[in-house]
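One structure below.
Protein chains: 2
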Amino acid sequence: MAGDTSHGSVPRGEAALLARMLPHLRLGPEVELGPGDDAAVVRLPTPRLVVTTDTLIERHDFLAHTTTPRWIGQKAAVQNIADVAAMGARPLALVVSISAPAGLPAAVFEELTIGLTARAEADGASIVGGDLGRADQLTVTVTAMGSLPEEQRAVTRSGARPGDILAIGAPRLGRSAAGLALVLAERVLIRPGDDGRPTIMLDRVQDPSAAQLVRWHDAPDPDLSLGWGGGRRAGAMMDLSDGLVRDVGRLARDSGVTLDIDPHALEPDVAQLAGLASELGEDPWAWVLHGAEEHAMLATFAPTEVPSGFRAIGRVLPGDAGGPGVVLDGEPIEGEGFDHFS
Amino acid sequence: MAGDTSHGSVPRGEAALLARMLPHLRLGPEVELGPGDDAAVVRLPTPRLVVTTDTLIERHDFLAHTTTPRWIGQKAAVQNIADVAAMGARPLALVVSISAPAGLPAAVFEELTIGLTARAEADGASIVGGDLGRADQLTVTVTAMGSLPEEQRAVTRSGARPGDILAIGAPRLGRSAAGLALVLAERVLIRPGDDGRPTIMLDRVQDPSAAQLVRWHDAPDPDLSLGWGGGRRAGAMMDLSDGLVRDVGRLARDSGVTLDIDPHALEPDVAQLAGLASELGEDPWAWVLHGAEEHAMLATFAPTEVPSGFRAIGRVLPGDAGGPGVVLDGEPIEGEGFDHFS
């Protein structure tokens with residue numbers, strides 16, 4: 001991204017960058033003091049603060065030529081809002097720390113801001129402050145905050161109970177992994193557009209859904225309101241960030257149960273990715289079972305209480321049959337999902 | 343830091359890193375849910391959230407061989423807590439996102455955690471959550487949160503009034519800049535100690551205070567309780583982060599006043615640095631007037647109300663004599679302080 005000068009000339013100074021970024025912010029009425037002072041002041045609905053933080057870094061979390069600054073902003077917002085939503089809480093405020101190489105065009109900062117703001121606003125949250133600094137790689141850290149009503153329990157990962165249904169708040173799984181596979185196979189090049197409408201160019205790919213899969217990988221767009229909506233009544237909940245099997249395993253361990261994923265429930269997901277997987281010589285089941293960065297709500301509910309927007313993909317069994325863990329139709333599963341440090 | 347294997351062997355996986363880090367956290371009674379779930383839950387004293395974020399990045403904000411992971415952690419905590427304090431608020435919770443190269447020893451993560459936790463705890467705050475990821479450079483982003491009592495106004499940068507006193511909550515200024523000068527002159531090498539007591543080795547330096555100046559630069563230790571203590575009654579306040587002249591200029595602009603810095607008040611600060619400055623061929627006045635990263639509370643007060651811990655360094659004049667700005671004994675000042683992007 002540092003070498004991409006198509007966005008315009010490089011301004012001098014933080015003030016010039018902020019002048020490009022701040023006009024895109026939309027501050028809600030709960031923001032008592034927004035950007036420009038030492039800290040922001042926000043009136044939460046209750047004093048029970050919910051807070052999470054996450055970072056995206058160039059070359060490790062995205063490749064500049066296969067995404068756009070606007071999508072990076074959207075993804076940074078999504079992955080943090082998803083963590084607040086997964087507690088059953090509504091997001092209200094985000095702060096953003098952006099570090100970048102010298103000479104990164106001001107338009108990149110502006111597009112990041114547009115992407116961050118658009119997603120935050122869609123979920124009811126304001127960008128209330130941030131920080132700019134230098135780095136060799138573009139680095140975007142978001143902290144998302146919300147609050148929980150006094151009478152509402154936080155939905156943790158430890159509340160899954162035998163007899164419950166395992167459900168996912170997404171119509172399809174594996175899309176982000178499929179998009180990543182296209183990126184890693186070097187089949188993708190994104191040409192930025194001046195109007196925020198980039199062109200996704202694909203090399204040696206027939207599957208007609210491929211561009212949308214790249215888009216989903218670059219900027220996943222899950223319905224996070226399921227977290228603070230129907231998800232409030234979940235036994236256990238988390239966002240699907242590191243792969244279904246890995247994350248279901250976390251719910252299982254923290255709840256002391258066995259979670260049995262139903263392969264029949266995932267067959268439609270696999271079927272929709274089978275053509276592309278065949279083209280790339282990959283296994284669509286691996287994308288569905290181990291694909292990361294979907295950020296959909298993954299939850300357990302009493303059998304009669306699975307809310308609209310969630311679909312059943314398994315069931316909760318006692319943990320005593322071999323200890324807490326995750327199985328696929330009763331059988332062990334190979335593969336591990338994503339670990340930053342393994 | 344990536345190449346420094348003296349700290350021990352490299353573990354595999356985030357879980358192994360967290361096992362080294364989490365035992366050092368001390369969660370206050372207000373923490374309803376700490377690390378380990380999608381987000382933390384903290385009960386604030388009031389729903390008026392105060393929040394700020396800031397990032398430290400290897401080679402841009404510190405050099406691995408001239409500091410220690412523990413000091414990096416302390417500095418990351420200080421610079422964020424200072425921003426909350428500068429609103430007149432007490433910090434309560436921090437979240438931390440750490441990104442690092444593959445193979446960075448687990449002990450570095452552990453020492454960062456110890457440094458972060460020690461400073462947070464000293465100021466009454468808990469580390470309640472975080473994130474680990476990969477980067478080419480060690481990257482530490484902290485978000486600090488506190489709250490304001492219902493009846494207490496946020497102390498912004500815009501409340502300086504003619505007739506007020508300009509004051510600083512630090513016994514000496516310029517120490518961080520002096521330490522930085524030693525680092526940039528390549529006179530400093532830090533040898534980490536196993537017990538968190540590193541050795542500061544200095545090359546061709548006579549001044550007996552030099553090691554302490556390096557220490558102050560690497561991990562400044564201002565009294566931040568002045569912010570939520572006496573600073574609550576300031577007209578305007580900010581933390582001194584980018585240099586006295588630059589930051590006083592911000593107070594002046596935001597308040598629509600002229601701020602006149604009194605050079606006589608700063609003569610003791612300059613005198614204490616004069617010997618080292620002479621050795622390095624530098625100007626101690628530049629360190630005092632433009633040195634960054636002190637993080638002390640910079641504030642204006644009614645003349646009879648300068649609280650204990652602050653000392654007068656100037657006065658507030660009307661802004662109409664040539665527009666808002668900053669002067670030194672009535673004269674223009676050369677130099678600009680620090681800008682990440684200029």
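Line by line, the protein sequences give chains A and B. Per this note's numbering, the very first residue in the first sequence carries number 1; after that it's consecutive. Per this note's numbering, the very first residue in the second sequence carries number 343; after that it's consecutive. Note that beta-carbon positions come from the ideal geometry of N, C-alpha and C, so glycine has one too.
Listed along chain A is no residue with a C-beta nearer than 8 Å to that of SER518 (chain B); the closest approach is about 17 Å.
If you check the CB distance, ALA496 (chain B) and GLY598 (chain B) do not come in under 8 Å. Annotation note: the stretch 580-629 of chain B contains the following uninterrupted alpha helix (DSSP H) runs of length 4 or greater, listed N- to C-terminal: 586-597 and 605-622.
VAL51 (chain A) sits close to VAL470 (chain B), with the two beta carbons spaced by under 8 Å. With fewer than 16 other CB atoms across the displayed protein chains lying within 10 angstroms of its CB, ASP203 (chain A) is exposed. At the C-beta level, ALA424 (chain B) and LEU359 (chain B) stay beyond 8 Å of one another. In the three-state reduction of the DSSP assignment, PRO198 (chain A) falls in the coil class. Of the residues assessed, ASP320 (chain A) falls on the exposed side of the cut-off, its CB having fewer than 16 other CB atoms within 10 angstroms.
For LEU359 (chain B), no beta strand (DSSP E) encloses it; the enclosing alpha helix (DSSP H) starts and ends at 356-363. THR483 (chain B) is bridged by DSSP to B:THR397 and B:SER439. The three-state secondary structure of LEU446 (chain B), taken from DSSP, is coil. Using beta-carbon distances, THR113 (chain A) does not count as an interface residue toward chain B, since no partner is under 8 Å. Counting C-beta pairs with one atom in each stretch, the stretch 189-199 of chain A and the stretch 258-272 of chain A have fewer than three that are closer than 8 Å, which means they do not touch. The beta carbon of ASP254 (chain A) sits closer than 6 Å to those of ARG157 and SER158, all from its chain and outside the five residues before and after it, given in chain order. Apart from sequence neighbours up to five positions away, the residues of its chain that approach ILE313 (chain A) with a beta-carbon distance below 7 Å are LEU166, ALA167, ILE168, ILE261, ASP262, ALA265 and LEU266, ordered along the chain. The stretch 359-371 of chain B makes no contact with the stretch 275-287 of chain A: fewer than 3 CB pairs, one atom from each, lie closer than 8 Å.
Bounds of the beta strand (DSSP E) holding ASP473 (chain B) are 468-476. Under the three-state reduction of DSSP, ALA178 (chain A) is assigned to helix. With a threshold of 8 Å between beta carbons, LEU490 (chain B) makes contact with chain A.
Restricting attention to A:ALA170, A:LEU224 and A:THR304, the CA atom closest to the CA of LEU244 (chain A) is found in A:ALA170.
Look at MET21 (chain A): its C-beta is not under 8 Å from any C-beta on chain B. Taking a cut-off of 8 Å for Cβ pairs, the stretch 145-152 of chain A and the stretch 177-184 of chain A do not touch, as fewer than three such pairs fall below it. The distance from the Cβ of ALA382 (chain B) to that of GLY569 (chain B) is about 23 Å, inconsistent with a contact at the 8 Å cut-off. The CB of PRO389 (chain B) comes closer than 8 Å to the CB of ARG43, LEU44, PRO45, THR46, PRO47 and SER147 in chain A, given here in chain order. In the structure shown, THR642 (chain B) falls within a strand segment according to DSSP collapsed to helix, strand and coil.
Taking C-alpha positions only, THR455 (chain B) is separated from ARG412 (chain B) by approximately 7 Å.
GLU110 (chain A) carries a helical assignment under DSSP once its states are collapsed to helix, strand and coil.
Secondary structure at ILE72 (chain A): helix, using DSSP grouped into helix, strand and coil. Using a CB distance cut-off of 8 Å, VAL420 (chain B) does not count as an interface residue toward chain A.
Assignment of ILE655 (chain B) by DSSP, reduced to helix, strand and coil, places it in the strand class. At a C-beta separation below 9 Å, HIS402 (chain B) has these neighbours in chain A: SER99, GLY133, ARG134, ALA135 and ASP136. With the criterion set as a beta carbon lying under 9 Å from some beta carbon of chain A, the members of the stretch 498-511 of chain B are THR498, ARG499 and SER500, in sequence order. Contacts with chain A at 8 Å (Cβ-Cβ) include ASP581 (chain B). Distance from the CA of SER225 (chain A) to the CA of LEU184 (chain A), rounded to the nearest whole angstrom, comes to 31 Å. Within chain B, the residues placing a beta-carbon under 9 Å from that of ASP54 (chain A) are SER439, ASP473 and GLY475, ordered along the chain. Residue contact with chain B for ASP38 (chain A): present (Cβ-Cβ distance below 8 Å to some residue of chain B).
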